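Listed in order, the protein sequences are those of chains A and B.
The numbering used here puts the first residue of the first sequence at 424, with every later residue one more than the last.
The numbering used here puts the first residue of the second sequence at 2, with every later residue one more than the last.
The beta-carbon is built from N, C-alpha and C at its ideal position, and this holds for glycine as well.
Note that the structure is predicted; figures quoted are calculated from it, not measured.
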Amino acid sequence: MKHLTAAEWDKAVGKLQPEIQEGKHRKAFIWHEGKMISYTYRSHGRGDCCPANPVMKQLGLSPQEFVDLRKCTIARKEYIEIYRKRQSSIPSKG
Amino acid sequence: MNSSSYRIEDFQPVVRKAVLKNFGKPKPRKKVERPSAQVDARTVFISVPISYPSAKLQLGEPVPLAAASSETWLWDEFILSSRSALQFTTLSAALPRTEYIATLGHPLFTLRKAIPVVIELQEGIFSAWSSDIRAFGYGPTELDAIEDFRSAVVELYEVLAEKAGALGPDPARTLLSLEEFIEEKS
Numbered sequence: 424m425k426h427l428t429a430a431e432w433d434k435a436v437g438k439l440q441p442e443i444q445e446g447k448h449r450k451a452f453i454w455h456e457g458k459m460i461s462y463t464y465r466s467h468g469r470g471d472c473c474p475a476n477p478v479m480k481q482l483g484l485s486p487q488e489f490v491d492l493r494k495c496t497i498a499r500k501e502y503i504e505i506y507r508k509r510q511s512s513i514p515s516k517g
Numbered sequence: 002m003n004s005s006s007y008r009i010e011d012f013q014p015v016v017r018k019a020v021l022k023n024f025g026k027p028k029p030r031k032k033v034e035r036p037s038a039q040v041d042a043r044t045v046f047i048s049v050p051i052s053y054p055s056a057k058l059q060l061g062e063p064v065p066l067a068a069a070s071s072e073t074w075l076w077d078e079f080i081l082s083s084r085s086a087l088q089f090t091t092l093s094a095a096l097p098r099t100e101y102i103a104t105l106g107h108p109l110f111t112l113r114k115a116i117p118v119v120i121e122l123q124e125g126i127f128s129a130w131s132s133d134i135r136a137f138g139y140g141p142t143e144l145d146a147i148e149d150f151r152s153a154v155v156e157l158y159e160v161l162a163e164k165a166g167a168l169g170p171d172p173a174r175t176l177l178s179l180e181e182f183i184e185e186k187s
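Dropping the structure here:
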């Protein structure tokens, strides 16, 4: 999967309306109903490219969903829907 | 050697001995070409083919990362940084492969046990990914990726620990995993 440029990362992840925290990394925390449901980050000063696969895994997206996020056809509303479906498909313990 | 990288400050006698044993006395230093744009500006790769153990140590052409990647398992690499600190890297296996991060290099946190990470190289960028703690680091060299991974893990741990009461299922699992690996220095 092609790398994300810093600008692409900002644009795609920004669609999810995350809480952004700066540090050595630009961290994005996605909140829903008072809970942090996922996170991802990119480095500062590591060149302009961020590997896409780990970002996709951190956000819990399938390759196709991640492509859609990059194309900005997935925004926060769709992402929350994906998150809900994924959670409901995980059998609860006990 | 199994482990992937060493700093000469840590292993200087070992490196010096290995260099002298395998390659004889180093020749007088030649002028090193400036690295190409594809290579991290801070590093130059000096490659020695291990299939020719009698070869003398000499400065080779800087190897663009993309070219080096296809032959990582054939070459030992000597990396000379601009700070004149020689970093010695043995790439003993093809990528991707699993490495173990044993230290965080942080004043406040340390590791209870090593974190397994998968090192990959794609389009000239090295990445280090841990599925256990859903964290990664990346950079133009393997060492950069590991260094980035270490700092990312600490930042992630600090935030998740601070928000422990408000984590959804996935971040909560990540925090539990992080706590298996990380502890505060006493």
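Using 10 angstroms around the beta-carbon of residue i, count the other beta-carbons present and answer buried if the total reaches 16, otherwise exposed.
{"i": "Gly138(B)", "result": "buried"}
{"i": "Pro141(B)", "result": "buried"}
{"i": "Lys450(A)", "result": "buried"}
{"i": "Arg502(A)", "result": "In the sequence under discussion, the amino acid at residue 502(A) is Tyr, which differs from the Arg named in the question. Buried, because 16 or more other Cβ atoms sit within 10 Å of the Cβ of Tyr502(A)."}
{"i": "Ala153(B)", "result": "buried"}
{"i": "Gln487(A)", "result": "exposed"}
{"i": "Pro97(B)", "result": "exposed"}
{"i": "Ser511(A)", "result": "exposed"}
{"i": "Ser187(B)", "result": "exposed"}
{"i": "His448(A)", "result": "buried"}
{"i": "Ala136(B)", "result": "buried"}
{"i": "Cys473(A)", "result": "buried"}
{"i": "Leu492(A)", "result": "buried"}
{"i": "Val478(A)", "result": "buried"}
{"i": "Tyr101(B)", "result": "exposed"}
{"i": "Arg507(A)", "result": "exposed"}
{"i": "Thr463(A)", "result": "buried"}
{"i": "His426(A)", "result": "buried"}
{"i": "Ser132(B)", "result": "exposed"}
{"i": "Ile443(A)", "result": "exposed"}
{"i": "Arg465(A)", "result": "buried"}
{"i": "Gly483(A)", "result": "buried"}
Which of the three DSSP states is assigned to residue i in this structure?
{"i": "Lys425(A)", "result": "coil"}
{"i": "Thr99(B)", "result": "strand"}
{"i": "Thr111(B)", "result": "strand"}
{"i": "Pro117(B)", "result": "strand"}
{"i": "Ile505(A)", "result": "helix"}
{"i": "Lys450(A)", "result": "strand"}
{"i": "Thr463(A)", "result": "strand"}
{"i": "Gln444(A)", "result": "strand"}
{"i": "Glu185(B)", "result": "strand"}
{"i": "Leu168(B)", "result": "strand"}
{"i": "Ile147(B)", "result": "helix"}
{"i": "Thr90(B)", "result": "Any answer about Thr90(B) is weak, because its pLDDT of 41 lies below 50 and its placement is not dependable; what the coordinates show is given next. Three-state DSSP puts Thr90(B) in a strand."}
{"i": "Ala136(B)", "result": "strand"}
{"i": "Lys434(A)", "result": "helix"}
{"i": "Ser188(B)", "result": "There is simply no residue 188(B) to check, as chain B begins at 2 and stops at 187 in what is shown."}
{"i": "Lys500(A)", "result": "helix"}
{"i": "Ser178(B)", "result": "helix"}
{"i": "Lys458(A)", "result": "strand"}
{"i": "Leu122(B)", "result": "strand"}
Taking 8 Å as the threshold (beta carbon to beta carbon), is residue i in contact with chain A?
{"i": "Tyr158(B)", "result": "no"}
{"i": "Gly169(B)", "result": "yes"}
{"i": "Ile126(B)", "result": "yes"}
{"i": "Phe110(B)", "result": "no"}
{"i": "Asp149(B)", "result": "yes"}
{"i": "Ala162(B)", "result": "no"}
{"i": "Ser152(B)", "result": "yes"}
{"i": "Tyr139(B)", "result": "yes"}
{"i": "Pro117(B)", "result": "no"}
{"i": "Pro172(B)", "result": "yes"}
{"i": "Arg135(B)", "result": "yes"}
Is any beta-carbon of chain B found at less than 8 Å from that of residue i?
{"i": "Tyr502(A)", "result": "no"}
{"i": "Gln440(A)", "result": "no"}
{"i": "Ile460(A)", "result": "yes"}
{"i": "His467(A)", "result": "no"}
{"i": "Cys472(A)", "result": "yes"}
{"i": "Lys387(A)", "result": "Missing from the structure shown is residue 387(A); chain A here goes from 424 to 517 and no further."}
{"i": "Gly457(A)", "result": "yes"}
{"i": "Lys508(A)", "result": "no"}
{"i": "Tyr483(A)", "result": "Before going further, note that residue 483(A) is Gly rather than Tyr in the sequence given. Yes, Gly483(A) lies at the interface with chain B (some Cβ there is under 8 Å from its Cβ)."}
{"i": "Lys450(A)", "result": "yes"}
{"i": "Lys480(A)", "result": "yes"}
State whether the region 165 to 174 of chain B contacts the region 452 to 460 of chain A, with contact taken as three or more CB pairs (one from each stretch) at a distance under 8 Å. Under the three-pair Cβ rule at 8 Å, the region 165 to 174 of chain B counts as touching the region 452 to 460 of chain A.
Taking 8 Å as the threshold, find out whether the region 118 to 133 of chain B comes into contact with the region 436 to 447 of chain A through three or more Cβ pairs. With the cut-off at 8 Å, the region 118 to 133 of chain B and the region 436 to 447 of chain A do not touch.
Residues of the region 486 to 502 of chain A with Cβ closer than 7 Å to any Cβ of chain B, in chain order: none
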